[in-house]
Amino acid sequence: MFSKLKLVVLVMLGVWSLSAQAERSFNLATPVVILMPYVLPNAELLEITPDQAQQIRLIYSKVNPEREDNELFSEELRKELWELLSSSIEPDQAELQELVQLISKAEQRRVAMSVECATQLRTILTPSQWQLLVGLAADVQ
44 MFSKLKLVVL
54 VMLGVWSLSA
64 QAERSFNLAT
74 PVVILMPYVL
84 PNAELLEITP
94 DQAQQIRLIY
104 SKVNPEREDN
114 ELFSEELRKE
124 LWELLSSSIE
134 PDQAELQELV
144 QLISKAEQRR
154 VAMSVECATQ
164 LRTILTPSQW
174 QLLVGLAADV
184 Q
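Letter 37 of the sequence shown, counting from 1, is numbered 80 in the numbering used here, and no numbers are missing.
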């Protein structure tokens, strides 16, 4: 009787563990600088001109698809790394190292995109608009 109960508990824990792994969420660390989400929603406060708004939208349209692709790729890599590390089988060290390198490159690109975006925004905005934007973003970060 005890062994059957133990078996049922182990099976339930295994099923729960597999479903928890499938549902695992991998949140990325906050980039060094996040400014774009604060620009257009605060366009009136920042006194963004129509010309500036057009330039900002152009930056967004170029950067956002790459950022989204990079985030999806990073998430998939992290899931794959989790699966390798949490497996009952000893992971292949070469495969682990390759995943670490790919995650590192994706993270490096994510930070580089953040810097590129901030640099471009700085050239578009006036110094007072820039300071106000940085203040808005700093309140949240």
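Glycine included, every Cβ here is placed at the ideal spot set by N, Cα and C.
Between the C-alpha atoms of residue i and residue j, what's the straight-line distance to the nearest angstrom?
i, j, result
"Ala65", "Asn85", "Only weak support exists for where Ala65 lies, its pLDDT of 47 falling under 50; the value from the coordinates is given anyway. Whole-angstrom Cα-Cα distance: 38 Å."
"Tyr81", "Tyr103", "12 Å"
"Trp173", "Ser157", "15 Å"
"Met79", "Asn113", "17 Å"
"Arg110", "Arg153", "7 Å"
"Gln97", "Gln140", "43 Å"
"Gln95", "Ala181", "22 Å"
"Leu179", "Leu128", "40 Å"
"Glu133", "Ile91", "56 Å"
Helix, strand or coil for residue i per DSSP?
i, result
"Ser189", "The question about residue 189 has no answer, for the chain in this structure spans 44 to 184."
"Glu114", "helix"
Hey, quick one: how far does the alpha helix (DSSP H) through residue i stretch, first residue to last?
i, result
"Leu78", "From DSSP, Leu78 is part of no alpha helix (DSSP H); its letter is neither H nor E."
"Leu139", "136-167"
"Glu90", "Neither: Glu90 is in no alpha helix (DSSP H) and is coded neither H nor E."
Measure the CB-CB distance between residue i and residue j and report whether it falls below 8 Å.
i, j, result
"Leu176", "Leu89", "yes"
"Ile99", "Ile167", "yes"
"Leu115", "Leu142", "no"
"Leu211", "Ile146", "Residue 211 is absent from the structure shown; the chain starts at 44 and stops at 184."
With distances taken Cα to Cα, identify the nearest neighbour of residue i among the options.
i, options, result
"Cys160", "Glu126, Leu120, Asn107", "Asn107"
"Ser117", "Gln144, Pro170, Leu179", "Gln144"
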